[in-house]
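In our numbering, the protein residues as written are 368 to 683. Even glycine gets a Cβ: it sits at the ideal position worked out from N, Cα and C.
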């Protein structure tokens, strides 16, 4: 089975590596090459990008979406949506959720990964139903964590509740990088054994386990995974796209992606990233403290940036 690759370079990669500061002007020159790769989808909107566009970059996030869709017409565009919170920091009424989704689809969004920080399916229901009603792909999310209360059965129950709500696929979202390879294999195996649903895995590289978790999930039958182009990968971010493509080449899970095309994209972002040095996180390599703290990769550089602004970086 061919594995679908979602590259997160235009959203979660820069949110995790340099506080969501990547500008549209640095996305558009490489958009045609990204569109030509053959990704299953490209994550480019949602999460903290909506806030960052307005608060820090002086950009209109809706213009960003329209321009990216115009520049990448062949590849499905994907976003991260906080369920009933949309892209804000409080709950919104159902009619606001429905209208937001309708406008997002109208402006070019194809795939909505809908999550709730508390894993409460009631907080995802309105958004998921709105996505499907407007003909887009609704992906329900298991926001993975570990605790005495979070057993394998917890995730199976949530999967069943999301399927009852109505989804096109399920994502296992390991935003902190704490999903062990064995747990990844067991979770994917059990979900695929019980339910006929397309399954996707998102994992952060923060603790050093993500690449192994992705490979074990692929062995267990996962349908797609998230990666980031190599020059925008690792540390607080994600496993490198090229490494996984090379790992699976010539196997039954071959992605079919061209390493040479990917290298040209990596070279571009290698140079672009230098512009954002001031916002880079301090992590070099891996951080095993996250196995205990469980802080999401997409939060860490934003937290560091805010602490620096308050001359409190030592408090991290």
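Beta-carbon gap between residue i and residue j smaller than 8 Å
{"i": "residue 608", "j": "residue 629", "result": "yes"}
{"i": "residue 646", "j": "residue 672", "result": "yes"}
{"i": "residue 470", "j": "residue 447", "result": "no"}
{"i": "residue 544", "j": "residue 574", "result": "yes"}
{"i": "residue 477", "j": "residue 439", "result": "no"}
{"i": "residue 416", "j": "residue 442", "result": "no"}
{"i": "residue 435", "j": "residue 411", "result": "yes"}
{"i": "residue 561", "j": "residue 519", "result": "no"}
{"i": "residue 546", "j": "residue 580", "result": "yes"}
{"i": "residue 497", "j": "residue 534", "result": "no"}
{"i": "residue 409", "j": "residue 451", "result": "no"}
{"i": "residue 374", "j": "residue 595", "result": "yes"}
{"i": "residue 454", "j": "residue 426", "result": "no"}
{"i": "residue 600", "j": "residue 570", "result": "no"}
{"i": "residue 407", "j": "residue 379", "result": "no"}
{"i": "residue 432", "j": "residue 475", "result": "yes"}
{"i": "residue 404", "j": "residue 624", "result": "yes"}
{"i": "residue 650", "j": "residue 602", "result": "yes"}
{"i": "residue 542", "j": "residue 428", "result": "no"}
6 Å Cβ shell around residue i - same chain, five flanking residues per side excluded
{"i": "residue 622", "result": "370, 372, 612, 615"}
{"i": "residue 564", "result": "537"}
{"i": "residue 419", "result": "387"}
{"i": "residue 465", "result": "497"}
{"i": "residue 578", "result": "606"}
{"i": "residue 551", "result": "580, 583, 584"}
{"i": "residue 461", "result": "493"}
{"i": "residue 389", "result": "381"}
{"i": "residue 669", "result": "386"}
N- and C-terminal bounds of the alpha helix (DSSP H) containing residue i
{"i": "residue 531", "result": "519-532"}
{"i": "residue 416", "result": "416-419"}
{"i": "residue 426", "result": "Per DSSP, residue 426 belongs to no alpha helix (DSSP H) and is neither H nor E."}
{"i": "residue 641", "result": "Element bounds for residue 641: n/a, residue is neither H nor E."}
{"i": "residue 399", "result": "395-402"}
{"i": "residue 683", "result": "Run containing residue 683: none; DSSP gives neither H nor E here."}
{"i": "residue 382", "result": "379-385"}
{"i": "residue 657", "result": "657-660"}
Endpoints, beta strand (DSSP E) assigned at residue i
{"i": "residue 537", "result": "536-541"}
{"i": "residue 509", "result": "504-510"}
Cβ shell of residue i (< 8 Å), same chain only, five flanking positions each side left out
{"i": "residue 528", "result": "488"}
{"i": "residue 588", "result": "368, 555, 556, 559, 566"}
{"i": "residue 525", "result": "486, 488, 509"}
{"i": "residue 585", "result": "370, 592, 615, 620"}
{"i": "residue 655", "result": "574, 575"}
{"i": "residue 491", "result": "450, 451, 481, 482, 483, 507, 508, 529, 532"}
{"i": "residue 472", "result": "498, 501, 502, 503"}
{"i": "residue 400", "result": "628, 631, 632, 635"}
Identity of the residues DSSP links to residue i by a beta bridge
{"i": "residue 373", "result": "408, 593"}
{"i": "residue 478", "result": "445, 504"}
{"i": "residue 413", "result": "447"}
heavy atom of the ligand SAH below 7 Å from residue i C-beta
{"i": "residue 511", "result": "This structure lacks the ligand SAH; in fact it carries no ligand of any kind."}
is_contact[residue i, chain C] using C-beta, thresh 8 Å
{"i": "residue 564", "result": "Protein chain content of the structure displayed is limited to a single chain, and chain C is not contained in it."}
Other residues of its chain near residue i: CB distance less than 7 Å, five sequence neighbours each side excluded
{"i": "residue 598", "result": "633, 636, 637, 640"}
{"i": "residue 484", "result": "510"}
{"i": "residue 674", "result": "680, 682, 683"}
{"i": "residue 540", "result": "482, 508, 509, 510, 511, 569"}
{"i": "residue 653", "result": "573, 574, 575"}
{"i": "residue 437", "result": "none"}
{"i": "residue 514", "result": "none"}
{"i": "residue 553", "result": "519"}
{"i": "residue 626", "result": "609, 612, 613"}
{"i": "residue 397", "result": "632, 635"}
{"i": "residue 458", "result": "451, 452"}
(request) Jot down the residue ranges of each uninterrupted beta strand (DSSP E) in the stretch 547-608, minimum 3 residues, whole runs only, in chain order. (result) Within the stretch 547-608, the complete beta strand (DSSP E) segments at least 3 residues long are 565-570, 591-594, listed from N- to C-terminus.
(request) With a floor of 3 residues, list each beta strand (DSSP E) that falls wholly inside the stretch 429-467, ordered by position along the chain. (result) 444-448, all fully within the stretch 429-467.
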